[in-house]
Ligand code: EPU
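Numbering (my numbering), first residue to last: 759 to 1177.
Right, dumping it as structure tokens:
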């Protein structure tokens, strides 16, 4: 098992290139199951979750070729069964359900199970498949979906915490090959949904309105191969932007799309950082005095839950009280107790974390619990004086491409060591 050892207290300076978005690439790869023809996805980040998705496609019968940051998938023949061993390691693998049902009219996908950040139900995914005419049952731990015909319908996809990102993706993919028109109301508006719709349209689908709460999908009889470049990762960009502000540095994010980051950049500016938007990216510069800021996570275009833990670290450095409220997941505060080990003063009150700053942080061993909590601990380690050891960084490698290398390029002292 690997750990990251950080000698903190050094500001980040320089430029970093933002990789392709993990949460765009996973559904894009699933979408390649919708056609027999080869599909080419570019700007694919080198991540264990992506490798894993490649393995799932291969197990389903597709030919998968990785070449640098390009993946070619040819799903000439596919089978409709994705078993527990495939699905349990990564929740994102549930997005093979829609394409398998769309293409084969039959799919059996193992239920993905729980998650450290809270329960992650898939009732809305199943509601969508049923609305298209599939018979959906849960048998022996599998979602079994079967339809003689898939027929478009009008469907409300909002849930208790708002829209669902992968649920929207799943229904969009199945509906692309249904008969007639499907109208999704309360669809997720995330840029990753738009990216998927763009790819599906390049494959011959007819999808309008992606990026708004109403998506209209006119089914087509079949899809063909296509090439597509994934969008840059807005959460990786947010993580580096927050790290720049937290370490009193200045970092240019090459390739980041500021229009996908408005809520994060707005909060960074409110917290006292300077943001300079450029055509091919943006620069974040710390100012001497940080200000406390309240943040509530929301569906896009609100502040993303995937940047909440990182923002909390920044707030430990702002003098005063910041309240960070998590509205998407029930227990996405696993980082709080670990941040306390570094000297942060944070108390939990229901769905909110009350951060009292500014507290000096000092290095200590900490344990990563999930992907974004790991990113927060890494930023805290960069801020903290002395040595911080972040254990179990396989979580980080699921979602951040070469993060230690990228940080070294910005002047950080970070080493990957085997324990
Ligand atoms: N929900 C339901 N029923 C459903 C589906 C979701 O109640 O059928 C609830 C969830 O419990 C949650 C909320 O709706 O409270 C939003 O969940 P959503 O379905 O949007 O999440 P997801 O699609 O499973 C993706 C990302 C997550 C990210 C969320 C929210 C991927 C592979 N995952 O998950 O990314 O947090 O959207 O933006 O795209 C991460 O990258 O660290 C990560 C967890």
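Backbone N, C-alpha and C fix where the C-beta goes; we use that ideal spot for every residue, glycine too.
Predicted model only: the values in this text are computed from it and were never measured.
Whether residue i touches residue j by CB criterion (8 Å)
| i | j | result |
| --- | --- | --- |
| residue 949 | residue 989 | yes |
| residue 1145 | residue 765 | yes |
| residue 942 | residue 926 | yes |
| residue 1000 | residue 1068 | yes |
| residue 905 | residue 981 | no |
| residue 1142 | residue 1093 | no |
| residue 800 | residue 836 | no |
| residue 1081 | residue 1052 | yes |
| residue 882 | residue 915 | yes |
| residue 1003 | residue 1039 | no |
| residue 994 | residue 829 | no |
| residue 803 | residue 991 | yes |
| residue 1099 | residue 762 | no |
| residue 1032 | residue 1043 | yes |
| residue 787 | residue 831 | yes |
| residue 853 | residue 964 | no |
| residue 1076 | residue 1111 | no |
| residue 1061 | residue 1022 | yes |
| residue 1121 | residue 1073 | no |
| residue 805 | residue 1159 | yes |
| residue 833 | residue 820 | yes |
Pairwise C-alpha distance: residue j and residue i
| i | j | result |
| --- | --- | --- |
| residue 814 | residue 843 | 10 Å |
| residue 851 | residue 880 | 12 Å |
| residue 845 | residue 878 | 14 Å |
| residue 1101 | residue 1138 | 10 Å |
| residue 855 | residue 932 | 8 Å |
| residue 699 | residue 863 | Outside the shown range of the chain (759 to 1177) lies residue 699, about which nothing can therefore be said. |
| residue 875 | residue 810 | 20 Å |
| residue 1113 | residue 1045 | 20 Å |
| residue 1057 | residue 1066 | 12 Å |
| residue 979 | residue 919 | 34 Å |
| residue 957 | residue 923 | 16 Å |
| residue 951 | residue 962 | 17 Å |
| residue 1130 | residue 1157 | 8 Å |
| residue 807 | residue 1034 | 32 Å |
| residue 1088 | residue 1109 | 7 Å |
Residue i beta carbon near the ligand GTP (any heavy atom closer than 7 Å)
| i | result |
| --- | --- |
| residue 1063 | In terms of ligand content, the structure shown lacks the ligand GTP and carries the ligand EPU instead. |
Cutoff 7 Å; reference residue i; Cβ partners in own chain excluding five residues on either side
| i | result |
| --- | --- |
| residue 1169 | 768, 770, 771, 772 |
| residue 1126 | 1132, 1135, 1148, 1149, 1150, 1151, 1153, 1154 |
| residue 1020 | 1059 |
| residue 889 | 911, 913 |
| residue 817 | 844 |
Buried versus exposed, by CB contacts within 10 Å (16 or more), residue i
| i | result |
| --- | --- |
| residue 793 | buried |
| residue 896 | exposed |
| residue 970 | exposed |
| residue 781 | buried |
| residue 977 | buried |
| residue 998 | buried |
| residue 868 | buried |
| residue 1084 | buried |
| residue 1078 | exposed |
| residue 1105 | exposed |
| residue 1091 | buried |
| residue 870 | buried |
| residue 826 | exposed |
Other residues of its chain near residue i: CB distance less than 6 Å, five sequence neighbours each side excluded
| i | result |
| --- | --- |
| residue 985 | 798 |
| residue 1165 | 1172 |
| residue 1176 | 760 |
| residue 973 | 942, 945, 967 |
| residue 947 | 969, 1058 |
| residue 1049 | 1029, 1030, 1076 |
| residue 953 | 782, 989 |
| residue 939 | 910, 976 |
Beta bridge counterpart(s) of residue i as assigned by DSSP
| i | result |
| --- | --- |
| residue 923 | Its beta-bridge partners do not exist; DSSP assigns none. |
| residue 1103 | 1114 |
| residue 1172 | 764 |
| residue 956 | Bridge partners of residue 956: none, in fact. |
| residue 830 | 798, 823 |
| residue 902 | 866, 895 |
| residue 759 | Residue 759 pairs with nothing; no bridge assigned. |
| residue 964 | 976 |
Neighbourhood of residue i by C-beta, 8 Å cutoff - its chain only, sequence neighbours within 5 removed
| i | result |
| --- | --- |
| residue 908 | 859, 860, 863, 890, 891, 892, 932, 933, 935, 936, 937, 977 |
| residue 1162 | 762, 1172, 1173, 1174 |
| residue 921 | 915, 944, 945, 946, 947, 971, 1057 |
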